[in-house]
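Take a look at the structure below.
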Amino acid sequence: MNEVDLNTLWVYLSASPLLGLVVTLLAYIVSYRLYEMANRHPLLNPVALAMVLLIVLLLITDTPYSRYFEGAQFVHFLLGPATVALAVPLYQQISKLRALWSVVLISVLVGVSFAALSAVGIAWLLGASPETLLSLAPKSVTTPVAMGISETIGGLPSLTAVMVVVTGIIGAVFGTRIFDLLGLKDDSVRGIAMGVAAHGIGTARAFQVNSQMGAFSGLAMALSALATALLLPWMLKLTGLIG
Amino acid sequence: MGFLIGITVLLSYQLLGEALVLLLDLPVPGPVMGMLLLFLTLLVRKRTGQALDSASGSLLSHLSLLFVPAGVGAMLHFQRIGSEWLPISAALVFSTLLTLVVTALVMKGLQRLLVRKGAAHE
């Protein structure tokens, strides 16, 4: 195959959404394998690894994000039905939930308020711009919800998406270690804290620990999304960040 | 067939959620409303069924993959992230770690309170 043919092939492939989709899946599979080979070392988080691989690839091939996303959107789209799917593990834990209902609800409400206010407060003290502050506020809830909230309150949805992913990675990497340090052994407590602080990425990590922690994390993630969507615009109005 | 039915149910509830949010001008994102509607349906129906189990199981087992395309969007914001790296990274790291600690301790404290209250009732 000569150079001209390769060029034609590249022009054809890079214009098709298939390439963005395939490289996303490949990058994730490779990252996940590496993560498993390293005995699931938390620092080799597969989302973080796949992100870095793809960004490097796009920069090397000089591909704009918008063209990449034409293919990757098919993966991104599944976040919607995946959010709806959280109703299933939530329902399966209903018997455990009945006993803990009020405890879970109060913990989630305190947790989501703390997550948003502490993020905005720390960034404000260190001199972040208003758009950055508003984009940070919904960082602890799952991507499609956070992007929706960000748009409503006047942040930058695509910047929010990045903050959400990084937040999830931080929670997944350090969560279990922090719980061990604090001597917290109860899976319901560990799961709820993980879901509130680190949404879906934390939940994926919690399911690796055991299904009980995963279910509670999924529950907390679902409740946090709901609570943040309802409370955040109102909380930001109180702090004077939005009119 | 089970998986196909399951995924159709999930997408239909998402659609229903999005429509309801739009019609009633609710401050909640559509997928969250869809999840709430499906949860209420399951409470009434009292079981999930094999179709829904298989679809939700396969979507949730690869949940972290679904965040990758949004994460790659970091490349759109290199400039902002570069000039505001300190407030952004400090906010993300400390707020996330503190949220883990605060939420876990609040829940543990409440559970203890509940146990003590339960013991006092007996």
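Sequence lines, in order, name chains Z and F. In this text, residue positions in the first sequence follow my numbering: the first is 1, and each later residue adds one. In this text, residue positions in the second sequence follow my numbering: the first is 1001, and each later residue adds one. Using N, Cα and C, we set each Cβ at its ideal position, and we do this for glycine too.
Cβ of residue i within 9 Å of any chain Z Cβ
i       : result
I1088/F : yes
Q1050/F : no
D1025/F : no
G1017/F : yes
I1081/F : yes
K1117/F : no
L1004/F : no
L1022/F : no
M1001/F : no
Chain F within 9 Å of residue i, Cβ atoms only
i      : result
V84/Z  : yes
I201/Z : yes
P130/Z : no
W124/Z : yes
A38/Z  : no
K237/Z : no
I106/Z : yes
S211/Z : no
Residue i in three-state terms, based on DSSP
i       : result
P138/Z  : coil
E151/Z  : helix
I242/Z  : coil
K185/Z  : coil
A38/Z   : coil
M1001/F : coil
Q93/Z   : coil
S217/Z  : helix
N7/Z    : helix
M1109/F : Per the sequence presented here, residue 1109/F reads as Gly, with Met not at that position. Looking at G1109/F - three-state DSSP - the assignment turns out to be helix.
Proximity test, residue i beta-carbon vs the ligand MG heavy atom, cut-off 8 Å
i      : result
L230/Z : This structure simply doesn't include the ligand MG, nor any ligand for that matter.
Nearest-angstrom Cβ-Cβ length linking residue i and residue j, presumed shorter than 8 Å
i       : j       : result
L1016/F : P81/Z   : So it is not a contact: roughly 12 Å between Cβ atoms.
A184/Z  : A1104/F : In the sequence as displayed, the identity of residue 184/Z is Leu instead of Ala. With a Cβ gap of about 5 Å, L184/Z and A1104/F count as contacting.
- [ ] Please confirm if the stretch 1068–1079 of chain F is in contact with the stretch 204–215 of chain Z, defined as three or more CB-CB distances below 8 Å between the two stretches.
- [x] Result no; under three Cβ-Cβ pairs closer than 8 Å.
- [ ] Report yes or no: do the stretch 103–120 of chain Z and the stretch 1048–1060 of chain F share at least 3 C-beta pairs separated by less than 8 Å?
- [x] no
Open item on the list: Quick check: the stretch 38–54 of chain Z against the stretch 1018–1029 of chain F, are at least 3 beta-carbon pairs closer than 8 Å?
Closed with: no
TODO: Go through the stretch 60–91 of chain Z residue by residue and report every complete run of the alpha helix (DSSP H) that reaches 4 residues or more, in order.
DONE: The stretch 60–91 of chain Z contains, as complete alpha helix (DSSP H) runs of 4+ residues, the segments 65–77 and 79–85 (chain order).
Task: Length-filtered (4 minimum) alpha helix (DSSP H) runs lying within the stretch 1019–1102 of chain F - done: 1030–1045, 1050–1061, 1068–1072 and 1078–1083
TODO: Tell me, please, whether the stretch 127–139 of chain Z touches the stretch 159–172 of chain Z by the rule of three or more beta-carbon pairs shorter than 8 Å.
DONE: yes
Open item on the list: Three Cβ pairs or more, each shorter than 8 Å: is that satisfied between the stretch 64–83 of chain Z and the stretch 1054–1069 of chain F?
Closed with: yes
TODO: Count the CB pairs spanning the stretch 1086–1104 of chain F and the stretch 234–241 of chain Z that are closer than 8 Å, and state whether there are at least three.
DONE: no
- [ ] Flag this pair as touching only if the stretch 194–206 of chain Z and the stretch 218–227 of chain Z have three or more C-beta atom pairs under 8 Å; answer yes or no.
- [x] yes
Open item on the list: With a threshold of 8 Å, are at least 3 pairs of Cβ atoms found where one atom belongs to the stretch 1028–1039 of chain F and the other to the stretch 173–192 of chain Z?
Closed with: Contact fails between the stretch 1028–1039 of chain F and the stretch 173–192 of chain Z, because fewer than three Cβ pairs, one in each stretch, are under 8 Å apart.
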